[in-house]
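See below for the structure under consideration.
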Amino acid sequence: VARKEKKLCGLTEFVGTGRGDTIGLVIANVDSSVHEAMKLDKKYRSIGIIGGRTGAGPQIMAADEAVKATNTEILAIELPRDTKGGAGHGSLIIFGAEDVADARRAVEVALKELERTFGDVYGNEAGHLEFQYTARASQACEKAFNAELGKSFGLLVGAPAAIGVVLADTAVKAANVDVISYSSPASGTSFTNEVILTFSGDSGAVRQALIAAREVGIKLLGTLGSEPVTDTVPYI
Amino acid sequence: VARKEKKLCGLTEFVGTGRGDTIGLVIANVDSSVHEAMKLDKKYRSIGIIGGRTGAGPQIMAADEAVKATNTEILAIELPRDTKGGAGHGSLIIFGAEDVADARRAVEVALKELERTFGDVYGNEAGHLEFQYTARASQACEKAFNAELGKSFGLLVGAPAAIGVVLADTAVKAANVDVISYSSPASGTSFTNEVILTFSGDSGAVRQALIAAREVGIKLLGTLGSEPVTDTVPYI
Amino acid sequence: VARKEKKLCGLTEFVGTGRGDTIGLVIANVDSSVHEAMKLDKKYRSIGIIGGRTGAGPQIMAADEAVKATNTEILAIELPRDTKGGAGHGSLIIFGAEDVADARRAVEVALKELERTFGDVYGNEAGHLEFQYTARASQACEKAFNAELGKSFGLLVGAPAAIGVVLADTAVKAANVDVISYSSPASGTSFTNEVILTFSGDSGAVRQALIAAREVGIKLLGTLGSEPVTDTVPYI
């Protein structure tokens with residue numbers, strides 16, 4: 308799919324597109340003045356870029372897989388207030404590489420992973436819920452959420468934020484997990500209407516916490532509108 | 308209404324819903340790690356939560372009545388950038404209580420008050436106006452707007468922000484009121500497209516200032532679209 | 308047009324409206340308590356105000372022409388996170404004048420200029436692109452973007468931000484221009500989903516850089532939706 312779209316666009320910088328109005332791009336040799344203005348590490352001439360209007364968690368988790376699978380590093384993760392009028396974030400993620408082929412490969416992997424990482428995003432007309440899990444956190448989860456490298460990591464989001472407060476409480480009561488961070492509209496978000504909890508623990512405990520929160524979240528968000536649904540396939 | 312919806316949801320944490328995609332929730336005994344992550348006062352094991360996608364002023368004024376009427380305190384008021392693509396804020400308000408029945412009661416009162424406090428919110432396709440008044444400000448107005456406890460308090464909002472500048476000037480020229488705060492996109496808001504003026508004074512003066520600003524606001528916002536209207540009943 | 312709309316509104320403060328849900332207003336003699344709360348220079352009793360839901364660049368460039376053409380100064384430029392659910396900013400711009408006729412004239416000029424300055428704004432359902440140019444930057448460009456007075460100045464915006472990264476690189480590779488600033492979701496914007504590059508150089512070089520970026524931007528944004536179009540007439 309990425310290859311076909313690339314042909315349609317005709318630019319060497321274009322890699323492909325994905326869910327959440329996400330675009331994947333690559334610059335083989337970033338101009339020195341832009342490189343400096345972006346405050347990038349000089350080691351990386353080539354950058355891969357993924358960014359979307361809707362979603363930060365899915366793109367970050369996808370980038371986490373991409374950085375594991377390629378010879379790249381995460382240089383920046385920035386979170387606009389977006390989701391096209393929704394309650395959450397958009398995203399801008401920069402991969403650094405010494406070789407453009409590595410940067411391109413990272414973007415390709417991330418775009419492909421988006422299909423999975425949007426799996427536990429549930430929405431209706433009033434808000435959204437998000438649940439993410441990895442058995443082994445890598446650089447993107449570390450940079451964005453302060454996750455410990457190589458450990459199990461879980462993330463939950465409730466929007467409007469009021470729902471996220473209850474989901475956070477539900478998750479930590481459901482299993483023996485350690486809270487890493489709690490973010491809310493005034494702290495740790497870009498003024499989104501979300502509460503975001505991140506946590507670690509045994510792989511089974513992290514999943515159990517997420518599953519418990521997901522069940523409660525779908526019921527609560529449903530009181531404000533229609534049954535919250537995912538557009539793709541749950542993976543947790 | 309709250310009771311009926313609670314039954315539909317089936318969770319003890321659910322209290323009810325209200326205007327502005329507002330949900331009311333309660334946690335009887337907040338998990339200690341979440342309690343700490345939320346930086347709540349240890350005194351309060353139970354919390355009540357109201358939060359909506361659309362509106363901060365209406366929910367804050369409703370919480371102000373709730374805290375007067377119950378044995379609770381306002382622990383946090385946070386203002387996301389929201390209104391579902393509109394120009395203003397959403398809201399997240401946390402009540403603290405030693406007993407869960409008090410927290411629940413505060414949430415019930417606040418949800419009920421929303422019908423009134425949305426009364427002087429006027430909108431069209433281009434923006435919104437909001438006017439709020441209380442004869443006796445309580446903790447929510449103090450925490451959110453630095454209002455003096457027990458005194459008359461007024462609040463006006465104009466969006467887009469340019470309109471709010473004129474409303475601020477109109478209000479203070481119309482009656483003998485004292486400006487408490489002036490907020491604008493770059494200062495005192497979560498980057499909303501609003502100017503917000505808060506003020507105190509004699510009860511009659513505060514109302515007179517609001518009524519004068521309301522008249523001008525409806526005319527100005529109307530030049531950008533259709534006649535601004537409220538979805539409920541004005542109370543000022 | 309402004310005159311006709313003014314008559315319809317019937318308020319002396321109303322000057323007119325323009326693209327981007329922009330309203331133009333004037334206050335002949337700002338109330339002293341509001342003047343102080345707005346932290347305005349005491350020298351200016353009269354203020355002109357333009358502000359819109361959609362767009363900051365077009366309004367700033369329009370204000371730049373207005374301040375050149377009138378006896379006014381730019382007192383404030385504030386950028387809400389807006390565009391009515393889109394990826395960018397709204398705007399609030401305050402002109403100061405000693406005489407109300409000057410403030411009014413500045414607002415009239417700015418509203419008229421908006422037709423031109425929206426010329427190189429291209430949008431589709433997934434995002435937007437913006438390109439602005441002036442042969443001689445004035446106070447508004449200086450205040451908002453740190454442009455050097457009297458010099459050629461260019462501005463480009465790509466949204467989602469990922470596209471803006473490539474446009475920035477494209478522009479500086481296409482012509483000999485000097486980067487003034489690079490803004491992104493986490494730095495220099497109000498958490499918009501944009502990358503904004505500003506630059507100076509020879510008049511011809513600035514235009515060449517913008518034209519190259521525009522060509523690439525339209526192709527890239529088009530991969531996420533329909534062909535990006537302007538609602539008015541390109542001027543670059």
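Sequence order for the protein chains is A, B and C. Start counting the first sequence at 308; every next residue gets the next number (this note's numbering). Start counting the second sequence at 308; every next residue gets the next number (this note's numbering). Start counting the third sequence at 308; every next residue gets the next number (this note's numbering). C-beta atoms are modelled at their ideal positions from N, C-alpha and C, and glycine is treated no differently.
Quiz item: For a contact meaning CB atoms closer than 7 Å, what does K419(B) contact in chain A?
Solution: Chain A residues near K419(B): none, gap ~16 Å exceeds 7 Å.
Quiz prompt | Where G355(B) falls, given that 16 or more other Cβ within 10 Å makes a residue buried | solution = buried
Practice problem: Report the option in G532(A), G465(A), G397(A) and Q446(A) whose CA atom is closest to the CA atom of A468(C). | Solution: G397(A)
Quiz item: For the alpha helix (DSSP H) that contains D371(C), what are its first and last residues?
Solution: G364 to A376
Practice problem: Could you tell me the distance, in whole angstroms, from the CA atom of R352(A) to the CA atom of K450(C)? | Solution: 33 Å
Quiz item: Thinking just about the alpha-carbon of each residue, which of G359(C), S339(C) and K349(C) is nearest to the one in L332(C)?
Solution: G359(C)
Quiz prompt | Cβ neighbours of E432(B) in the same chain (closer than 6 Å, five flanking residues each side left out) | solution = G532
Quiz item: Can you name, in chain order, every residue of its own chain whose Cβ lies under 6 Å from the Cβ of H435(A), other than the five neighbours on each side?
Solution: A466
Self-check item: Local conformation of S497(B) per DSSP, three classes
Solution: coil
Exercise. Pull out every residue of the region 386-416 of chain B whose Cβ sits closer than 8 Å to any Cβ of chain A, in chain order.
Key: L386, P387, R388, D389, K391, G392, G397, L399 and I401
Quiz prompt | Span of the alpha helix (DSSP H) around S510(C) | solution = S510 to G529
Exercise. At 4 residues or longer, and completely inside the region 436-505 of chain A: list those alpha helix (DSSP H) runs for me, N to C.
Key: 446-452 and 468-481
Quiz item: Using the beta-carbon count (16 or more within 10 Å), is A408(C) buried or exposed?
Solution: exposed
Quiz item: With burial defined as no fewer than 16 other Cβ atoms inside 10 Å of the residue's Cβ, what is the status of T319(A): buried or exposed?
Solution: exposed
Quiz item: Roughly how many angstroms lie between the CA atoms of L527(B) and F321(C), to the nearest whole one?
Solution: 7 Å
Quiz item: Which residues in the same chain have their Cβ closer than 7 Å to the Cβ of D328(C), if we skip the five residues on either side of it in sequence?
Solution: G359, R360 and T361
Practice problem: Indicate whether at least one CB of chain A lies closer than 8 Å to the CB of I334(B). | Solution: yes
Self-check item: Boundaries of the beta strand (DSSP E) in which V333(C) is found, first to last residue
Solution: T329 to I334
Practice problem: Confirm, please, whether the CB-CB distance from Y440(C) to V540(C) is below 8 Å. | Solution: no
Self-check item: Cut-off 7 Å between Cβ atoms - residues of its own chain near S491(B), not counting five sequence neighbours on either side
Solution: A468 and V502
Practice problem: Would you please verify whether the beta carbon of D298(C) is less than 8 Å from any beta carbon of chain B? | Solution: This structure cannot speak to residue 298(C), because chain C is shown only from 308 to 543.
Practice problem: Spell out the partners DSSP gives Y429(A) in its beta bridges. | Solution: L436(A)
Practice problem: Spell out whether any CB of chain C is found under 8 Å from the CB atom of G359(A). | Solution: yes
Practice problem: Output, in sequence order along the chain, the residues in the region 352-381 of chain B whose CB is closer than 7 Å to any CB in chain F. | Solution: Considering every chain present, this structure includes no chain F. Its protein chains are A, B and C.
Self-check item: Residues near E534(C) in its chain [Cβ-Cβ closer than 8 Å; skip 5 each side]
Solution: N431 and I525
Self-check item: Partners in chain B for G434(C), counting only beta-carbon separations shorter than 7 Å
Solution: Those do not exist, as G434(C) stays about 15 Å from chain B at its closest Cβ, beyond 7 Å.
Quiz item: The alpha helix (DSSP H) with E415(C) in it runs from where to where?
Solution: V407 to T424
Quiz item: Based on Cα-Cα distance, which residue from L517(B), T324(B) and I543(B) lies nearest to K419(B)?
Solution: T324(B)
Quiz prompt | Validate contact between the region 472-481 of chain A and the region 443-458 of chain A using beta carbons, cut 8 Å, 3 pairs | solution = no
Quiz item: Among N483(C), E422(C), I487(C) and S510(C), which has the Cα closest to the Cα of A454(C)?
Solution: I487(C)
Quiz item: What number of angstroms, rounded off, separates the C-alpha of L456(A) from the C-alpha of R443(A)?
Solution: 7 Å
Exercise. Using DSSP bridges, identify the partner residues of G395(C).
Key: G395(C) is not bridged to any residue.
Quiz item: So, is E522(A) buried or exposed, given that buried needs 16 or more other C-beta atoms within 10 angstroms?
Solution: exposed
Quiz prompt | Proximal residues to E385(B) (C-beta, below 6 Å), its chain only, five neighbours per side dropped | solution = L399
Quiz item: For R423(A), which residues from the same chain have a beta carbon less than 7 Å from its beta carbon, with the 5 sequence-adjacent residues on both sides left out?
Solution: Y542
Quiz item: According to DSSP, is V341(A) helix, strand or coil?
Solution: helix
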